[in-house]
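Residues in the sequence shown are numbered consecutively from 78, following the numbering used here.
Here is the structure we will look at.
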Amino acid sequence: MDFTKIIEKRIVQLKTEQGNRLYLRNLEQLKNEFEIQYEGIKSILQLTQSYEEFFADFQRIIRGKYVFMLDDYEDHEDVKIPDPLDGTWLKSASIAEKFNTDRAFINAAPMTRWGRFLYYLRSEKKFSLETVDNIARSSLDVIARCHDPNSPSDQFYKGMVVGSVQSGKTTNFNAVINAAYDIGINMVIVLTGITEDLRTQTQARLNTDLGICEHNKGVNIILGDDSIGVRSIKTLTSLNEDFNIATIDGGVNIGNQLSLIVTKKNNSTLLNIYRFLRDKISEGAIDVKAFNLIVVDDEADNATLNGVGHRRLDSDATAINGLIRGILELFKRKTYVAYTATPFANILQDANLEGTWKYANRGEIYEIPLSTNLFPEKFVRLLDPPANYIGPRYFFDFDPTIQNNFEFLINEIFDTEDHFPERFDQNIPVKLFVDKEEFDRATDLKELYGDFGAYRKDTRSPRVSDHKNINSIPHSLKDAILCFILTIAIRKIRAGIYPELHKMQPHNTMLIHISRFSDWQIKVKSLISNDNKKGYLDQVFKDLGMHNKGEGIYLDFERVWNFYYSDIVGNLNGVMENHYYDPYIQKHELNDIFSILPSIARDGIDVLSINTNCPDDNLNYTNDDGKNYIAIGGNRLSRGFTLEGLSISYFTRSTGYADAILQMGRWFGYRPGYLDCCRLFTDRHSYKKFEECVLILDDLERDIKQHMADPASYPKKIVNRIRATSGQFIKITRPNILRNSELAYYSFSDKLLQTYRYDLEKENHQISWDNYIAFFDKYSSQLQDCSGENNSKKLTVTNFDIVKELIDTSLIINKAFDKERLFNFIDEQRKMNGFLKTWDIVFVNGSEQRGKGKVVEVGNYKFKSIIRSGPEKGSEKKNSKLYQQLLDEGYYSIKNAMVISPKDMSLALSAEKQHEIFEANKTKATIPEFKFREAYGKYRGVVLVYLIDSAGVFTTDESKNKLGLDTTTPIAAFAVGIPDLEVEPQVYHLMQREYIDADIADENGEEQEERA
């Protein structure tokens, strides 16, 4: 009898009962259910494990086979996981059957490069089923939106994939590249960033993931190219060398081979690639009519974009931007895919046109035809990281849906200003203040400088030469180093218990990021470890050999353990309360950890300064036995490069750009078996910067998700704006990119928004009405009478999703009613400030004063519709523009943009409140609607629903007959009233100049009534 099969059968039953979902609470439920049975058969089956030990092992196995959702997971009916091939050319392609996302690749021999790679991730890299399934779907979602290599027409597709920092973008694009060769792509060029470190790391990953390696390495462990019937790939770059025309095999047949180029963004290298491909085309070695190219641009917001600014001239291009566009222009069938975690600059980039670019290099002038700009006009996709990804929201207290049990990850430091000063008065370090408010609280410096302006004027930023002032490292950095040594010890113990942990991640890395200046980094390295063995780490290792437990350095380790680790290490799963679960987390006695420390001292920790002034200091993660590194760096560690086994980060680096600071967050990612040991040491200013960055990123990701969910959407329609920063701590991105943007804002505080424009289309008109009827029937039992005598009804709700559901019933509301921004604003106010928690939905019964509308039966109720006439035809010589739009495009705009009558805003108020307002304004002929709206207060919003008589829309038979609408079917119109929330500052966004919608500006700037 296999007892595990009995429990697994129950798991399948639970999954069926719970709508094909499993939750973390089910594990505890199963543990309790089967304890008695286990004890009963233990002696019969001669089982030696205790039930606790048995279930711990079982749980690790079962969590690899099934996905267990967080206990607070909400499964929304309107959220569907579509087939990634739906609506794409690949769905109907003959090869589509080989791209199967039903997990068959786990149990069957893969017959494509893509399938082999996924099988390799699961079987050799030990990725979970959930993670492999995510990679399968997301990679197909991208490749199916690239150009069809079998199409006879010229094609140029441009897209962007956004993934969180250190979340697995490389794994995704390696899956995409495998699939690219499967569908018939001839060449893939991978642009890896600007450093050779990152290029080499990416080349190594691609070699193993594509099978460009020994038969017993990488995916070749599964099956070689011959075994799955695919052609081998010729790589024109190597681990040791970037693209070099002089060393390329002269016999390479570029036109008939599958080829790969992995190159960094370097002017000379890209020019060589351009010349090589141009010459091959000229020689006839490449038939551009049949040759298919994909360019994958990793870290696409770095160096790629045109930094010339908003000039819009054909000949304007920075070198790298122009060379990339020049390479693309050589081919007829191509796709450019940008990958980045910080797409701000990509979205705000200049919209350059095609043209011929004159490029000077080493005394020679090249006239290079350019493709259009690299804006992702075809698609933008957002990668959802797996549940075990630890991203910015877990570190920085932003998202209230995540209980902040992760606060242990961050340790605020206060002792760096004397060691790594960020401000100087001449050559004397002084405290850094970033704003007037902070400065005014420092009474001693206020007396010295007078005011904040004088402080900024009389002090300066650090310089390279200031490294001479660094003579010691702060106490907090010493603690961080001791934490790192303890982490290595804990991971060694756990790898001894669970050998698979070493296979998942054998390396240990600590990051120190205190300055962009190489000389500062080198100085800190010497203070930690040096040739004279007098650095802090050298002394720690020396003391470990000299002292016994309970004395010397062991007392320091004990203090650090008690302060940083004792309450968390081994207790993570309990502290997280089902917000994070790791089966490998174990408790450890301090004495057991102490027994490992001498071996760490013997093995050593390499302290490296990763910058151009230390060419011999390189991180080498190719050793499967594992390496221990303390990496002190700046820009070379800021983008793309993965720090393997990173656990301790010490970060005080000052930077002013949101995209740069997010890229510096190398501590995000996956930490199987050691998240409880991870720590980020940082100062308050850095914390605030990251916190604001997360808000910007969340806003953008919300836009992208809405774009992805709408099949009719396209990138320029929605992904064209970035939430602006306050400017207090950071800016969005580099100034040369921001020259192409303007500041626009939206704030719906104290606003009335009305659906006064419609795109009338016969089918959508009827579907919208049917949707409205369904909504009304769903909630009609909860209706209440409104105050007054006009028989209007109201529905009071606290779930704002019901308001969204109502407005989303209409398919004909024109985009001028910006419901996405409205919903986002309200969600933000509810989440951040607790405002607008209650909503009154008023179904208005029309009256004679609004025109002679028809009586409409809605369920068991009757409402009188209102008349809101459409545009007049105009004179014979000149038709009205709005009338012509109605005639040609079905575009209907209500005169004066007014759906409501002001008094209707009072309908959800109590009779007493209505009387109070009428009495206070009885001298006025008409009481403005805001007088009623402001009475709802900050915590209550209102939606007025009107039924417009469709027959009244058409002022001529010509317009009525042209559109062919059923004029007996009304149009549901909405007016959303939001009181003055007194919210400051307003939510500003940076937008591309050419994409700022005049409608948005009109609505935000429009006053419905003049206030007295």
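The C-beta atom is built at its ideal place from N, Cα and C for all residues, glycine as well.
Fair warning: this is a prediction, and the values are worked out from it, not measured in the lab.
CA-CA distance, residue i and residue j?
| i | j | result |
| --- | --- | --- |
| Ala281 | Ile884 | 51 Å |
| Glu376 | Arg458 | 15 Å |
| Lys931 | Asn867 | 15 Å |
| Tyr258 | Arg214 | 17 Å |
| Asn700 | Arg679 | 18 Å |
| Phe320 | Thr279 | 14 Å |
| His552 | Asp495 | 11 Å |
| Gly627 | Ser676 | 18 Å |
| Asp702 | Pro583 | 6 Å |
| Glu934 | Thr1033 | 27 Å |
| Ser970 | Arg1010 | 24 Å |
| Tyr532 | Gly1014 | 43 Å |
| Asn548 | Pro539 | 16 Å |
| Val617 | Asp633 | 10 Å |
| Leu674 | Thr564 | 10 Å |
| Glu1059 | Val1053 | 18 Å |
| Glu524 | Glu515 | 14 Å |
| Phe900 | Asp134 | 46 Å |
| Cys354 | Cys290 | This sequence places Leu at residue 354; Cys is not what is there. Leu354 and Cys290: Cα-Cα distance of roughly 25 Å. |
| His992 | Val919 | 19 Å |
| Ile118 | Gln106 | 20 Å |
Within this structure, are the beta carbons of residue i and residue j separated by less than 9 Å?
| i | j | result |
| --- | --- | --- |
| Asp374 | Leu283 | no |
| Asn344 | Ala418 | no |
| Asp683 | Ile709 | no |
| Thr81 | Ile121 | no |
| Leu830 | Ile1055 | yes |
| Arg756 | Ala557 | yes |
| Thr1115 | Lys175 | This structure cannot settle anything about residue 1115, because the visible part of the chain is limited to 78 through 1089. |
| Thr886 | Asn841 | no |
| Thr493 | Ile591 | yes |
| Ile325 | Leu316 | no |
| Ser336 | Asn255 | no |
| Arg439 | Thr340 | no |
| Tyr764 | Glu484 | no |
| Tyr1016 | Gly911 | yes |
Spatial neighbours of residue i within its chain, please: CB distance less than 7 Å, with the 5 preceding and 5 following residues excluded, ordered by chain position.
| i | result |
| --- | --- |
| Asp1096 | Absent from the structure is residue 1096, since the part of the chain shown begins at 78 and ends at 1089. |
| Glu201 | Ile298 |
| His52 | The requested residue 52 is not part of the displayed model; the chain covers only 78 to 1089. |
| His292 | Gly301 |
| Leu986 | Ser864, Phe1009 and Ala1012 |
| Thr478 | Low confidence applies here, because Thr478 scores a pLDDT of 43, under 50, leaving its location unreliable; read the following figure in that light. Here the set comprises nothing. |
| Val265 | Ile254, Ala257, Leu337, Ile371 and Val373 |
| Phe408 | Val365, Phe368 and Leu370 |
Leaving aside the five residues before and after residue i along the sequence, list all residues of the same chain whose C-beta is less than 6 Å from its C-beta, in chain order.
| i | result |
| --- | --- |
| Asp1026 | Gly930, Lys931, Ser942 and Ile944 |
| Phe671 | Lys626 |
| Ser686 | Gln598, Ile599, Lys602, Asp694 and Ile709 |
What residues in its chain sit with their C-beta under 8 Å from that of residue i, if we drop five residues either side in the sequence?
| i | result |
| --- | --- |
| Lys411 | His224, Gln232, Phe233, Tyr234, Asn369, Leu370, Ile371, Val372 and Leu405 |
| Lys86 | none |
| Ile994 | Ser983, Leu986, Ile1004, Lys1008, Phe1009 and Ala1012 |
| Pro506 | Glu494, Asp495, Pro498, Arg500 and Asn546 |
Mind reading off the beta-carbon distance from residue i to residue j? Whole number of angstroms is fine, and I expect it under 8 Å.
| i | j | result |
| --- | --- | --- |
| Ile260 | Ile331 | Actually they are not in contact, since the Cβ atoms of Ile260 and Ile331 sit about 19 Å apart, beyond 8 Å. |
| Pro979 | Pro1005 | 6 Å |
| His624 | Tyr631 | 6 Å |
| Ser241 | Tyr413 | Their Cβ separation, rounded to whole angstroms, is 22 Å, which puts Ser241 and Tyr413 out of contact at 8 Å. |
| Ile599 | Asn690 | 6 Å |
| Asp461 | Asn251 | The Cβ separation is near 18 Å, so there is no contact. |
| Pro792 | Phe456 | 7 Å |
| Asn585 | Gly722 | 5 Å |
Starting from the N-terminal side, write out each stretch of the beta strand (DSSP E) that is 3 residues or longer and does not extend beyond the segment 236 to 304.
The segment 236 to 304 is shown to contain whole beta strand (DSSP E) runs of 3 or more residues at 264 to 268, in chain order.
Which runs of the beta strand (DSSP E), 3 residues or longer, sit entirely within the segment 660 to 740?
If we require 3 residues or more, the beta strand (DSSP E) runs fully inside the segment 660 to 740 come out as 683 to 687, 705 to 710 and 723 to 728.
As an exercise, report each continuous beta strand (DSSP E) stretch of at least 3 residues that is fully enclosed by the segment 424 to 467, in chain order.
432 to 438, 441 to 447 and 456 to 459
Beta strand (DSSP E) segments (min. 3 residues) lying fully within the segment 888 to 925
915 to 920
Those runs of the beta strand (DSSP E) which lie wholly inside the segment 318 to 401 and span at least 3 residues
The segment 318 to 401 contains these whole beta strand (DSSP E) runs: 335 to 340 and 369 to 375.
Could you give the uninterrupted runs of the alpha helix (DSSP H) lying entirely in the segment 483 to 517, keeping only those of 4 residues or more?
Correct list: 513 to 517.
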